[in-house]
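Protein chains in written order, with this note's numbering: chain A, 67 to 183; chain B, 67 to 183. All residues carry an ideal CB built from backbone N, CA and C; glycine is no exception. Structure record follows, encoded as structure tokens.
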DNA sequence: CCCATAGTTCAGGACTTCGGAACTGAAGAC
DNA sequence: GTCTTCAGTTCCGAAGTCCTGAACTATGGG
């Protein structure tokens, strides 16, 4: 497939990460990828709680997360594997991701429920 | 003046905080308030680096920060004192604010430079 | 009382995001 | 090899959000 652009983590400004995760849907997606051992298919995340997310929105969300350096996407056959780049982000911005995920988890919001394994 | 609404910190969802701080201008304002000993007047922050922020935008930014539970505003005479509620937020979402501020600082972005005073 | 200062509100335009429909690319059926 | 199906992307219009200048309100001083 065309070479999906993944920015080096040093080029990602903090506000891009905050923006990406300031959307509860994206936060839920990311928490799910991060919690589920760094691999998921897109369609597996088509629902956050009760709410069904349209495919197109989902695609956009993944694009935002990808461009924020939070995930790495590669095509495996017909579906997409999404690896969390959480270790890289952690190295670049120590404590940021864990604090955010913890914040969502402690708020009882749907943002990180699926990360609770 | 009318009783400016300050939400209790427990009522503030994490995404509101992330959203508030995902704007570099607001991040700079907040970093400045937090770094400068928790008191500032609005007009003292009318410029982020080279960029001049219009009063109306500034007012909106303060409102967003206030409604995200990040600052507490009270009128003293003709001007406004803005206290950082950073301790409360820290208690509610441990490590979140410090990680964000540190991220902005380490990125060399203008988000937290003014906190170095 | 009138003026100056600090901040808020409103309205119009620019920008972003959402979501359905159509499209592309890969795997399996025939 | 070709057709069908599945997974995801792109396109475009609708809806919402954000920015900002202009007008307004509130406070303090002369």
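Residue j beta carbon less than 9 Å from that of residue i
i, j, result
"residue 170 of chain B", "residue 82 of chain B", "no"
"residue 160 of chain A", "residue 132 of chain B", "no"
"residue 70 of chain B", "residue 84 of chain A", "no"
"residue 164 of chain A", "residue 156 of chain A", "yes"
"residue 111 of chain B", "residue 94 of chain B", "yes"
"residue 80 of chain A", "residue 162 of chain A", "yes"
Of the listed residues the options, nearest to residue i (C-alpha basis)
i, options, result
"residue 149 of chain A", "A:143, A:135, A:164", "A:135"
"residue 72 of chain A", "A:137, A:122, A:158", "A:137"
"residue 87 of chain A", "A:121, A:76, A:100", "A:100"
"residue 127 of chain B", "B:89, B:162, B:158", "B:89"
"residue 144 of chain B", "B:155, B:109, B:157, B:122", "B:109"
"residue 140 of chain A", "A:107, A:130, A:102, A:117", "A:107"
Between the CA atoms of residue j and residue i - distance to the nearest angstrom
i, j, result
"residue 147 of chain B", "residue 173 of chain A", "29 Å"
"residue 142 of chain A", "residue 124 of chain A", "18 Å"
"residue 76 of chain A", "residue 151 of chain A", "12 Å"
"residue 130 of chain B", "residue 121 of chain A", "31 Å"
"residue 119 of chain A", "residue 91 of chain B", "31 Å"
"residue 117 of chain B", "residue 166 of chain B", "22 Å"
"residue 74 of chain B", "residue 105 of chain B", "20 Å"
"residue 158 of chain B", "residue 158 of chain A", "24 Å"
"residue 113 of chain A", "residue 102 of chain A", "15 Å"
Contact residues within the stretch 77 to 99 of chain B, judged by C-beta distance below 9 Å to chain A:
Listed by position, the residues of the stretch 77 to 99 of chain B near chain A (Cβ gap below 9 Å) are 78, 79, 80, 81, 82, 83, 84, 85, 86, 87, 88, 89, 90, 93.
Which residues, taken in chain order from the stretch 145 to 168 of chain A, show a beta carbon closer than 9 Å to some beta carbon of chain B?
If the cut-off is 9 Å between Cβ atoms, the stretch 145 to 168 of chain A has 158, 159, 160, 161, 162, 163, 164, 165, 166, 168 near chain B.
In chain order, what are the residue ranges of uninterrupted alpha helix (DSSP H) at least 4 long that sit wholly in the stretch 153 to 179 of chain B?
The qualifying runs are 162 to 173.
Relative to chain B, which residues along the stretch 120 to 147 of chain A have a C-beta separation below 7 Å, given in chain order?
Listed by position along the chain: nothing, the set is empty.
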